[in-house]
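Novice: Next up is a structure, given as structure tokens.
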Amino acid sequence: MTGWIAIAGLGPGDERLVTEEVRATLAEATDVVGYIPYVARVTPRDGLTLHPSDNRVEIDRANHALDMAAAGRRVVVVSSGDPGVFAMAAAVFEALERRPDPAAFDIRVLPGITAMLAASARLGAPLGHDFCAINLSDNLKPWDLVERRLRLAARAGFAMAFYNPRSRSRPHQFGRALEILREECGPDRLISFARAVTTPDERLETVTLAEAVTEMADMRTVVIIGNADTRRVGRFLYTPRSAG
Ligand code: SAH
């Protein structure tokens, strides 16, 4: 097979945060596949065909990429942030697993700066100690499981980053998540809402859990909640590296 697939992360938004590796790979590609707003971030040029597709068709998109690679095309599958974080890399491997000849494909995963790390850098160092990332969408898992993980992670003392905190199709769940966090962490725990980080629409807001309301988050927001030691220093927020 002469074709290949590169599953690439475009970073959180700022073009300066696209890696050289991703840039060079896009320059060699014949085809770019991905969710409409991410494909829109790739500059069109002669010899490059853009294949934007709608959300929630990840497996179809992955199969399309595999088919094109099998036909000799050089395909870049784009995600925002990092492709391995709630994004296309796992979808491509899921599609690959169903093929009779997975080893025949030339596939690379090219990392990018994920939203929580871009947000964390803007805020200071809220993820300076142990932390975890939870996708609050119940698109691919039951909501019960989200609640359970949230509660156990809070009890374990992790700082947490929440992806996909809130969407129009499930307006009430984030409120429920805040309720659970207030039960487990108390009203004074600091929580940050980092919206559209590194883009012109960027907005950062840090409040206590008592002050947090669901409207502070939307689909372009990554939410970061500190652990019990997370505190402010000047305009920054940080979590000490030591505990216990
Ligand atoms: N692969 C992506 C995440 C895709 S899930 C990554 O690694 O960042 C989509 C979610 O990511 C959004 O709902 C939001 O929670 C978060 N997100 C992506 N880009 C963001 C940005 N620039 N600022 C804040 N959150 C962002």
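For the sequence shown, the tail end lands on 263 under this note's numbering, and the numbers increase by one without skipping. Don't be surprised by glycine CBs; every beta carbon is placed ideally from N, CA and C.
1. Let's see if you can read the secondary structure: which residues bound the beta strand (DSSP E) around D50?
2. Rounded C-beta distance between I24 and A108? I'm assuming under 8 Å.
3. Mind listing, in chain order, the continuous beta strand (DSSP E) runs of no fewer than 3 residues lying wholly within the region 232-256?
4. N183: beta carbon under 7 Å from a heavy atom of the ligand SAH?
5. Got a sec: does the ligand SAH put a non-hydrogen atom nearer than 7 Å to the Cβ of S72?
6. Let me know the beta strand (DSSP E) ranges lying completely inside the region 161-204, each 3 residues or longer, listed in chain order.
7. Pair every Cβ in the region 226-234 with every Cβ in the region 204-217, then say whether three or more of these pairs are closer than 8 Å.
8. Closest to V252 by C-alpha separation, out of F181, P190, R174, A144, would be which residue?
9. I'd like to check one pair, I153 with M135: are the Cβ atoms closer than 8 Å?
10. Quick one: what's got a C-beta closer than 8 Å to D79's C-beta in the same chain, skipping five residues either side?
Specialist: In terms of the structure at hand:
1. Within the sequence shown, residue 50 is the residue found at index 31, counting from 1. Membership of D50 in the beta strand (DSSP E) is indicated by the continuous run 50-54.
2. On the sequence shown, residue 24 is found 5 positions in, with the first residue counted as 1. On the sequence shown, residue 108 is found 89 positions in, with the first residue counted as 1. About 10 Å separates the two Cβ atoms, so there is no contact after all.
3. As far as the region 232-256 is concerned, its whole beta strand (DSSP E) runs of at least 3 residues are 240-244, 250-252.
4. Your numbering for residue 183 matches position 164 in the sequence shown. Flag set: Cβ of N183 near the ligand SAH.
5. Here residue 72 corresponds to residue number 53 of the sequence shown, with the count starting at 1. Relative to the ligand SAH, the beta carbon of S72 is positioned no closer than 7 Å to any heavy atom.
6. Counting only runs of 3 or more residues that sit fully inside the region 161-204, the beta strand (DSSP E) segments are 178-182, in chain order.
7. In short, these stretches touch, since the Cβ pair count reaches three.
8. Here residue 252 refers to the residue found at position 233 when the sequence shown is read from its first residue. Per the Cα distances, A144.
9. What you label residue 135 is simply residue 116 of the sequence shown in a count that begins at 1. What you label residue 153 is simply residue 134 of the sequence shown in a count that begins at 1. Contact flag unset, no.
10. Within the sequence shown, the letter at position 60 stands for residue 79. Here the set comprises S72.
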